[in-house]
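Each remark here refers to the structure printed beneath this line.
There are 2 protein chains.
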Amino acid sequence: MPRSGKEARARLEQAALELYLEHGFDAVTTAEIAARAGVTERTYFRHFPDKREVLFEGERRLTGWVTEALAAVPDEVAPWPAMRRAIDLIVPSLEESGRAGNRLAAIVATTPALRERAAAKEANLVALVAGLLVERGAPADEADLVALTEWGVLAHAIRTWRAAPGTPLQRHVDRAFALLGGLAGA
Amino acid sequence: MPRSGKEARARLEQAALELYLEHGFDAVTTAEIAARAGVTERTYFRHFPDKREVLFEGERRLTGWVTEALAAVPDEVAPWPAMRRAIDLIVPSLEESGRAGNRLAAIVATTPALRERAAAKEANLVALVAGLLVERGAPADEADLVALTEWGVLAHAIRTWRAAPGTPLQRHVDRAFALLGGLAGA
DNA sequence: GTCCGTAGTGTCAGTCACCGACATTAACAC
DNA sequence: GTGTTAATGTCGGTGACTGACACTACGGAC
Numbered sequence: 006m007p008r009s010g011k012e013a014r015a016r017l018e019q020a021a022l023e024l025y026l027e028h029g030f031d032a033v034t035t036a037e038i039a040a041r042a043g044v045t046e047r048t049y050f051r052h053f054p055d056k057r058e059v060l061f062e063g064e065r066r067l068t069g070w071v072t073e074a075l076a077a078v079p080d081e082v083a084p085w086p087a088m089r090r091a092i093d094l095i096v097p098s099l100e101e102s103g104r105a106g107n108r109l110a111a112i113v114a115t116t117p118a119l120r121e122r123a124a125a126k127e128a129n130l131v132a133l134v135a136g137l138l139v140e141r142g143a144p145a146d147e148a149d150l151v152a153l154t155e156w157g158v159l160a161h162a163i164r165t166w167r168a169a170p171g172t173p174l175q176r177h178v179d180r181a182f183a184l185l186g187g188l189a190g191a
Numbered sequence: 006m007p008r009s010g011k012e013a014r015a016r017l018e019q020a021a022l023e024l025y026l027e028h029g030f031d032a033v034t035t036a037e038i039a040a041r042a043g044v045t046e047r048t049y050f051r052h053f054p055d056k057r058e059v060l061f062e063g064e065r066r067l068t069g070w071v072t073e074a075l076a077a078v079p080d081e082v083a084p085w086p087a088m089r090r091a092i093d094l095i096v097p098s099l100e101e102s103g104r105a106g107n108r109l110a111a112i113v114a115t116t117p118a119l120r121e122r123a124a125a126k127e128a129n130l131v132a133l134v135a136g137l138l139v140e141r142g143a144p145a146d147e148a149d150l151v152a153l154t155e156w157g158v159l160a161h162a163i164r165t166w167r168a169a170p171g172t173p174l175q176r177h178v179d180r181a182f183a184l185l186g187g188l189a190g191a
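Quick mapping for you: the protein sequence lines, in order, are chains R and P. Per the working numbering, the very first residue in the first sequence carries number 6; after that it's consecutive. Per the working numbering, the very first residue in the second sequence carries number 6; after that it's consecutive.
What follows is the structure, given as structure tokens:
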């Protein structure tokens, strides 16, 4: 019953999240996820390529935000400040999805297989950013270095932000950039 | 026949490398690797936890180098310059293992599953470095940021070095640090 | 030399992630 | 109603990975 297809996908996401939280990633089978979602195991694999990917829908939104944010910065702006501005543009979206992000980070942090996937996603994102900077006219190796470094700073800021609940993310971002500037400038 | 155990492990590494190069990672089964190495599939999994790990012995050496290099830098040196010095100490070792590294990078770059593992290894290494810096007395978040950034710079330098055969790695490292200093200082 | 503990291996049976091929059904257009 | 299409169900299979148990080569104790 092709009841729009999107419904099944959403139910699978929900079921997977619940089961992973209840019993841990390793103790859950894809068949169980499918059963709770009311579909067949085969249907699960039509919506997601493997057992892990069901948890990373948020990451897809993130790549969208990054692309939009960089597109919103004028091409004349040099790579480093352009990325810096783009990060400021993304911060509110990140802050909004903070709760879901936290819950997810908890599962991911405790299971190696998911940390692997997360690390890979991050690497892909850095590559995407570098590519976008090149399209804006940056030299390839400068783009690479800027993407790597600034994304690293953002990732760091997110971590310290998660460790200090209630504080605004923007402050952590500013602080991290200032810290890096002092370190790398000398 | 426990013919020292190390021999079987080495044969497995060799067999896996050959087969992966010949037919590609996905087209090779662990049973085939074991067969070429003259052991059982079960024995393969006694030496390596999964199909991918057999390719990452070099990474283990790398973590050793990093630990030693950081230990060789006096504790009085601040985190950023300490890591900077440690990288200079590692460069020769990296340069020596350049050939093997290139061959491996080629396989890894072309298969997503291996890129995932590589990304995870890199993240673990950054975490290790941050931990070592903390042991030296650095504040946790500064250690995190320094490890992230400087390791990123090194990774970037290695990439440009691979793209420019024949040039010394140290030059790429110096160049990348200079570039970052100019970017992040402003 | 015999005995014995240990480490490395073989064997077997099983679970589970994942995939190809084909049949089926709901919804929608006409 | 009929045809089309997208989503699903069904079936069978492959291959990564694991637990349990038996076996065999080696080293040392005596």
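Backbone N, C-alpha and C define an ideal beta-carbon position, used for all residues, glycine too.
By the rule that beta-carbons nearer than 8 Å mark a contact, V59 (chain R) does not touch chain P.
Taking 8 Å as the CB threshold, V151 (chain R) lines the interface with chain P.
One finds L188 in chain P with Cβ atoms closer than 7 Å to the Cβ of W85 (chain R), taken in chain order. At a Cβ-Cβ threshold of 8 Å, L67 (chain P) and A91 (chain P) do not count as neighbours. For the options R:T48, R:F53 and R:R65, the alpha carbon positioned closest to that of G106 (chain R) is the one of R:R65. When secondary structure is reduced to three states using DSSP, V78 (chain P) falls in the coil class, being assigned neither helix nor strand. A direct Cα-to-Cα measurement between G43 (chain P) and A36 (chain R) gives close to 36 Å.
For the options P:A87, P:E18, P:A39 and P:A181, the alpha carbon positioned closest to that of V71 (chain P) is the one of P:A87.
In the DSSP annotation of this structure, the continuous segment of the alpha helix (DSSP H) that includes P97 (chain P) starts and ends at P84 to E101. Neighbourhood of H28 (chain P) in chain R, by CB distance below 7 Å: empty, with the nearest CB roughly 22 Å away. Counting the other CB atoms within 10 Å of its CB gives E147 (chain R) a total of 16 or more, which places it among the buried residues.
Counting along the chain, the unbroken alpha helix (DSSP H) around F182 (chain P) starts and ends at L174 to G190. Using a Cβ-Cβ cut-off of 8 Å, G103 (chain R) does not count as an interface residue toward chain P, since no Cβ of chain P sits closer than that to its own. Chain-ordered, the chain R residues with CB closer than 8 Å to the CB of E121 (chain P) read E121, R122, A124 and A125.
For E121 (chain P), the closest of P:L130, P:L99, P:R57 and P:I38 by C-alpha to C-alpha distance is P:R57. Along the stretch 156-167 of chain R, the positions whose C-beta sits under 8 Å from a C-beta of chain P are G157, V158, A160, H161, R164 and T165, read in chain order. Interface annotation, T154 (chain R): in contact with chain P, CB-CB separation under 8 Å. Secondary structure remark: continuous alpha helix (DSSP H) runs of at least 4 residues inside the stretch 119-181 of chain P, in chain order: 145-168. Inter-segment contact for the stretch 125-138 of chain R and the stretch 101-116 of chain R is absent: fewer than three beta-carbon pairs are separated by less than 8 Å. Look at F50 (chain R) here: in three-state DSSP terms it is helix.
Here A32 (chain P) carries a coil assignment [DSSP, helix/strand/coil]. Our two residues, I38 (chain P) and E18 (chain P), have alpha carbons roughly 9 Å apart in a direct line.
Of the other Cβ atoms in all chains shown, 16 or more fall within 10 Å of the Cβ of A123 (chain P); this residue is therefore buried. The CB of L184 (chain R) comes closer than 7 Å to the CB of E147 and L150 in chain P, given here in chain order. For the pair V78 (chain P) and L153 (chain P), the Cα-to-Cα distance works out to about 19 Å. Listed along the chain, the chain P residues whose CB falls inside 9 Å of the CB of A181 (chain R) are D146 and L150. The beta carbons of L184 (chain P) and L99 (chain P) sit no closer together than 8 Å. Per the coordinates, the alpha-carbon of P170 (chain P) lies some 11 Å from the alpha-carbon of R104 (chain P). For A128 (chain R), the neighbours in chain P by C-beta distance under 7 Å run, in chain order, A124. Put simply, the backbone Cα of A145 (chain P) is about 15 Å away from that of G157 (chain R).
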